[in-house]
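Right, one structure below, let's go through it.
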Amino acid sequence: MPGNSVDEKDSSGMQTPPPSQHSPEEDARVTAVIDCSTMRLGDRMACAWMAQQRHRTTGERFALIDRHPVLSRDFPLPRYFGETFVDWSEARIAAAALPRWDMGNLWLTVTNAFAANPRAGRFEMLPADIAAQARELAAATPGGKPRILVHVLDDAPYNMARRWRRKDADALCDELRRLGGEVVLLNPASAQFIGGFERMLAEMLAADLFVGGDTGPSHVFALLCADKPQVAVYPSMLKDQRKFAADQARLGLALPWDSLPKRPALRVITMKRRLALIWHERQLLLRRAGLFDGRDVARQVMAELAAHTKG
Numbered sequence: 364m365p366g367n368s369v370d371e372k373d374s375s376g377m378q379t380p381p382p383s384q385h386s387p388e389e390d391a392r393v394t395a396v397i398d399c400s401t402m403r404l405g406d407r408m409a410c411a412w413m414a415q416q417r418h419r420t421t422g423e424r425f426a427l428i429d430r431h432p433v434l435s436r437d438f439p440l441p442r443y444f445g446e447t448f449v450d451w452s453e454a455r456i457a458a459a460a461l462p463r464w465d466m467g468n469l470w471l472t473v474t475n476a477f478a479a480n481p482r483a484g485r486f487e488m489l490p491a492d493i494a495a496q497a498r499e500l501a502a503a504t505p506g507g508k509p510r511i512l513v514h515v516l517d518d519a520p521y522n523m524a525r526r527w528r529r530k531d532a533d534a535l536c537d538e539l540r541r542l543g544g545e546v547v548l549l550n551p552a553s554a555q556f557i558g559g560f561e562r563m564l565a566e567m568l569a570a571d572l573f574v575g576g577d578t579g580p581s582h583v584f585a586l587l588c589a590d591k592p593q594v595a596v597y598p599s600m601l602k603d604q605r606k607f608a609a610d611q612a613r614l615g616l617a618l619p620w621d622s623l624p625k626r627p628a629l630r631v632i633t634m635k636r637r638l639a640l641i642w643h644e645r646q647l648l649l650r651r652a653g654l655f656d657g658r659d660v661a662r663q664v665m666a667e668l669a670a671h672t673k674g
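Residues 364 to 674 (our numbering) are what the sequence shown spells out, left to right.
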């Protein structure tokens, strides 16, 4: 894992775990290891919420195996959830002989856990420079205008149903500006972000409201800024729920699969679906794609902001 590449080697050439930075009592609370190597950003937030709730209840902490080629380096969970997760090397994890905590069908598991305990998650740690950057961004917002952060989900070719049309997003942003909002786009063009993960976190902290789809930044905002309003523009999940119905029945769970951000208050807008021509990897494909009325969504966004301000 990042930050643990200096393990010493014994005379046989095998790596030995470095001394723990925690007391024996704290080490004893590390009860399981989670493998998040294949988890995307949104999955990691669901995993963090689940582990954090268990930590809050029992005091347990968890080690991580994280071999993701990007997120293990740029968005390691112990950096932001250092009370719940320990930053142990794989050598130390192996030496501790920790059992695996397999969350199974993650979104099915987390959805039912959240329904039983609809408690907001939170980031447990945040580098000071991110908070400072957020203050600078907020200070630069024109006076009296709400700062509305939007992530346009138009770079998800693996799931056309949840993908936004850029023209719908443009209509949304234009109407938000007409209604008096200061709109900030995380990705002004497809797959082109205004900065890295730390800039994303700073923008979220500076925002008054977040609008996004079924994508990683939506799930990050849900844990980072659960006290701020959030609007989720999502596809219908009936197809996925049918797909995982057998798992739900086998596990005896009351609620179906659901990939909405796990936070107590969330305004959800369900997209429509229709056949559309999608340009993907130099091919024109006919697919069922999501669409929404940008002007209508903008009005709902401003209503959510007004309700939050009034409350």
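Positions of the beta carbon are idealized from the N, C-alpha and C atoms, including for glycine.
As the structure is a computational prediction, the values presented were derived from the model and not from experiment.
By how many angstroms is the C-alpha of Ala391 removed from the C-alpha of Ala554?
-> Taken atom to atom, the span from the alpha-carbon of Ala554 to that of Ala391 is near 43 Å.
Neighbourhood of Glu423 by C-beta, 7 Å cutoff - its chain only, sequence neighbours within 5 removed | The residues are Arg392, Thr394 and Arg417.
Would you give the residue range spanned by the beta strand (DSSP E) that Asp429 belongs to?
-> Element bounds for Asp429: n/a, residue is neither H nor E.
What residue does the alpha helix (DSSP H) around Gly653 start on, and which one ends it?
-> Counting along the chain, Gly653 falls outside any alpha helix (DSSP H), though it belongs to the beta strand (DSSP E) covering Gln646 to Leu654.
Give the DSSP bridge partners of Gly575, in chain order.
-> Ala595
Can you name the residues that DSSP bridges to Phe448?
-> Phe425
If we count Cβ pairs, one from each stretch, closer than 8 Å, do we get three or more for the region 453-472 versus the region 421-435?
-> yes
In the structure shown, what three-state DSSP assignment does Asn550 receive?
-> coil
Would you mind sorting Met665 into buried or exposed? The rule is 16 or more other CB atoms within 10 Å of its CB.
-> So Met665 counts as buried.
Work out the CA separation of Ser622 and Asp406 for me, nearest whole Å.
-> 9 Å
Give the straight-line distance between the Cα atoms of Pro619 and Ala479, rounded to the nearest whole angstrom.
-> Answer to the nearest angstrom: the Cα atoms are 14 Å apart.
Where the beta strand (DSSP E) containing Leu542 begins and where it ends | That residue, Leu542, is in no beta strand (DSSP E); it is neither H nor E in DSSP.
Report all residues from its chain with a CB closer than 6 Å to the CB of Met567; omit the five preceding and five following residues, and keep chain order.
-> Phe584, Leu587 and Cys588
Arg630, DSSP secondary structure in three states | Note: Arg630 maps to strand in three-state DSSP.
In terms of residue numbering, what span does the alpha helix (DSSP H) encompassing Arg455 cover?
-> Glu453 to Ala459
Just to confirm, are Gln529 and Asp517 a CB contact at a threshold of 8 Å?
-> Note that residue 529 is Arg in the sequence shown, not Gln. Their beta carbons are under 8 Å apart, which means Arg529 touches Asp517 by this criterion.
What are the residues that DSSP puts in a beta bridge with Lys635?
-> Leu654
Does DSSP put Val583 in a helix, in a strand, or in coil?
-> helix
Any idea what DSSP makes of Arg463, helix, strand or coil?
-> strand
Which term fits Glu644, buried or exposed, when burial requires 16 or more other beta carbons within 10 angstroms of its beta carbon?
-> By the 10 Å Cβ count, Glu644 comes out exposed.
Same chain, Cβ closer than 6 Å to Asp577, five either side skipped, listed in chain order = Arg525, Tyr597 and Ser622
Helix, strand or coil at Val396 [DSSP, three-state] = Residue state for Val396 is assigned as strand, using DSSP reduced to three classes.
Taking the alpha-carbon positions, what's the Ser383 to Val473 distance?
-> Only weak support exists for where Ser383 lies, its pLDDT of 47 falling under 50; the coordinates are left without a value.
Figure out for me which residue from Lys635, Met634, Asp603 and Gly653 has the closest Cα to the Cα of Glu641.
-> Rather than Glu, the amino acid found at residue 641 in this sequence is Ile. Among Lys635, Met634, Asp603 and Gly653, the Cα nearest to that of Ile641 belongs to Gly653.
Beta-carbon contacts of Val515 that lie in its chain and below 7 Å, excluding the five residues immediately before and after = Within the same chain, and ignoring the five residues on either side of Val515 in sequence, the residues whose Cβ sits closer than 7 Å to its Cβ are Trp527, Arg529, Ala532, Leu548 and Asn550.
Just reading off the beta strand (DSSP E) that Val473 is part of, what are its end residues?
-> Counting along the chain, Val473 falls outside any beta strand (DSSP E), though it belongs to the alpha helix (DSSP H) covering Leu469 to Ala479.
What is the rounded straight-line gap between the Cα of Gln496 and the Cα of Asp571?
-> 15 Å
Straight-line gap, Ala460 to Gly575 (C-alpha atoms, nearest Å) = 40 Å
Would you check if the distance between the CB atom of Tyr443 and the CB atom of Met488 is smaller than 8 Å?
-> yes
For the alpha helix (DSSP H) holding Arg613, just list the boundary residues, first then last.
-> Unbroken alpha helix (DSSP H) run through Arg613: Ala608 to Leu614.
Val664 - DSSP class collapsed to helix/strand/coil | Val664: helix per DSSP, three-state reduction.
Which term fits Gln646, buried or exposed, when burial requires 16 or more other beta carbons within 10 angstroms of its beta carbon?
-> Under this definition Gln646 is an exposed residue.
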